[in-house]
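Numbering (the working numbering), first residue to last: 383 to 544.
Cβ atoms here follow ideal geometry from the backbone N, Cα and C, with glycine treated the same way.
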């Protein structure tokens, strides 16, 4: 029954149009977390990313990305087992429990190592990272980075299939 309901809902063209609609402009700008979530999906598509890594304390960062159904894996990284269980309900989302500590670059380095250790992605894969900085402050999704796993440098050029 749930499968039939989900298929009916997902097949509704009006619902699909609303899901992919950008939220209305408020005070001449969209909310920053909403803009980052949508941008992460677009950037991932443009650079041929293997996945989107979303660092999250509460799951809200992942929800902001998942609502656009980017068509590639979303890897949710959270220190909370409770959040991991909740994220299991999101389409296209897999989660890893990782203690996220240190400054932004240290967090990215430790999460990249955990993702590689998990076998979900490989060294050299390009990912789009989205997170709030500082990561310990829930609801602050404000960072987007293109990163090549196994590299400490900003990814500047990526040729899909190369």
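Scanning 443, 479, 531 for the CA closest to the CA of residue 466 turns up 479.
In this chain, residue 438 is not harboured by any beta strand (DSSP E), its DSSP state being neither H nor E. The Cβ atoms of residue 469 and residue 441 sit closer than 9 Å to each other.
In the DSSP annotation of this structure, the continuous segment of the beta strand (DSSP E) that includes residue 527 starts and ends at 523–530. Here residue 523 is near residue 418, since their CB atoms are less than 9 Å apart. Beta-bridge analysis with DSSP links residue 460 to 479. For the set 476, 393, 487, the Cα lying nearest the Cα of residue 456 is the one of 476.
By DSSP's assignment, residue 513 forms a beta bridge with 525. By DSSP's assignment, residue 508 forms a beta bridge with 530. Residue 493 is not a Cβ neighbour of residue 426, given a cutoff of 9 Å. Under the three-state reduction of DSSP, residue 491 is assigned to helix.
In this structure, residue 503 sits away from residue 526, with a CB-CB distance that is not shorter than 9 Å. A straight-line Cα-Cα distance of about 12 Å links residue 481 and residue 491. When the beta-carbon positions are compared, residue 528 and residue 429 come within less than 9 Å of each other. Here residue 485 carries a coil assignment [DSSP, helix/strand/coil].
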